[in-house]
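A.B. asks: One structure follows; several queries about it will come next.
Dropping the structure here:
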């Protein structure tokens with residue numbers, strides 16, 4: 192059940208200028224400055240969104256590989272960040288996950304609450 196006080200950002204709408212079948216990528220604000228560290232969203236032709244990331248700090252060094260556990264930081268402006276819209280969207284994404292988990296009886300990690308882990 193939707194909360195009537197939800198921000199308008201959560202109302203289903205198609206953003207102007209967004210194209211289906213397109214990948215939208217943002218580079219990390221500090222790691223992988225040679226293009227090896229990024230997060231991207233594929234807006235599929237059916238409207239589904241696929242998110243992926245790569246953390247490869249030394250992409251130009253022969254024999255190196257991307258991290259098996261990628262972590263891409265989008266910094267605040269005060270922290271040197273350049274991608275303020277992406278950061279704001281990620282805050283909204285985190286809040287949407289929080290709200291969906293709460294509505295579905297899940298904890299912050301998407302696991303069933305009261306599963307014997309002390310909750």
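In my numbering, the protein residues as written are 192 to 310. Built from N, CA and C at the ideal position, the CB exists for glycine as well.
Between the C-alpha atoms of residue 257 and residue 224, what's the straight-line distance to the nearest angstrom?
C.D. replies: 13 Å
A.B. asks: Am I right that residue 238 and residue 213 are in contact with their C-beta atoms under 8 Å? What's the rounded C-beta distance?
C.D. replies: Under the criterion of beta carbons closer than 8 Å, residue 238 and residue 213 do not qualify as touching, at roughly 12 Å.
A.B. asks: Over the uninterrupted beta strand (DSSP E) stretch that includes residue 265, give me the two end residues.
C.D. replies: Note, residue 265: premise wrong, no beta strand (DSSP E); not H, not E.
A.B. asks: Does the beta-carbon of residue 265 have 16 or more other beta-carbons within 10 angstroms, so that it is buried, or is it exposed?
C.D. replies: buried
A.B. asks: At the level of alpha carbons, what is the spacing between residue 219 and residue 275?
C.D. replies: 12 Å
A.B. asks: I need the straight-line Cα distance from residue 198 to residue 236, nearest angstrom please.
C.D. replies: Cα-Cα distance, rounded: 27 Å.
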